[in-house]
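>
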Ligand SMILES: [Zn+2]
Ligand SMILES: [Zn+2]
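Residue numbers (the working numbering): 2 to 149.
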């Protein structure tokens, strides 16, 4: 069991050796710009759980003291995941690249003060106006880890 996924053109294939992982939506302006959409769907995975085949491009940047490297398909530029020194040993997967992503629902919404007004969040789902503290976030995601 686990997840598989791919970029838009199929040059990059992903395999996740993982049974469950926390999924959350980020409504921040950077995620809106970077996704070209209303929010980004992020899945927090142990780095070694993601196997990749195909060639990727990397883009490293530093924002507010944290350095992050974004990985994309080298052919079609689909964003795949990033690594950040804010979460060592983890990769944050762009969950829309997964097969069956329609089965996944976010456990939490962050940066909802930037949320587009036409989006209604389900009641009872954790949400924060900006980024939660790592402690608050850990509590929220431990209450409902995704099973596949
Ligand atoms: Zn591609
Ligand atoms: Zn964001």
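Ideal Cβ placement from N, Cα and C applies to all residues, glycine included.
Any heavy atom of ligand 2 closer than 7 Å to the beta-carbon of residue 83?
Within the chain shown, numbered from 1, the residue matching residue 83 stands at position 82. Not under cutoff, so the answer is no.
> State the DSSP-derived secondary structure class of residue 21, mapped to helix, strand or coil.
The sequence position of residue 21 within the chain shown is 20, counting from 1. Coil.
> Within 8 Å, do at least three Cβ pairs link the stretch 64-72 to the stretch 96-116?
Too few Cβ pairs lie closer than 8 Å, so no.
> What's the C-alpha gap between residue 9 and residue 62?
Numbered from its first residue, the chain shown carries residue 9 at position 8. Numbered from its first residue, the chain shown carries residue 62 at position 61. Computed Cα separation, rounded: 24 Å.
> What do you reckon, are the CB atoms on residue 95 and residue 105 nearer than 8 Å?
Working through the chain shown from its first residue, we reach residue 95 at position 94. Working through the chain shown from its first residue, we reach residue 105 at position 104. Not in contact: residue 95 and residue 105 (Cβ atoms no closer than 8 Å).
> With H, G and I counted as helix, E and B as strand and the rest as coil, what does DSSP make of residue 149?
On the chain shown, residue 149 is found 148 positions in, with the first residue counted as 1. Confidence at residue 149 is low in this model, with a pLDDT of 38, below 50, so the placement of that residue should be treated as unreliable; the coordinate-derived value is given next. Here residue 149 sits in coil by DSSP.
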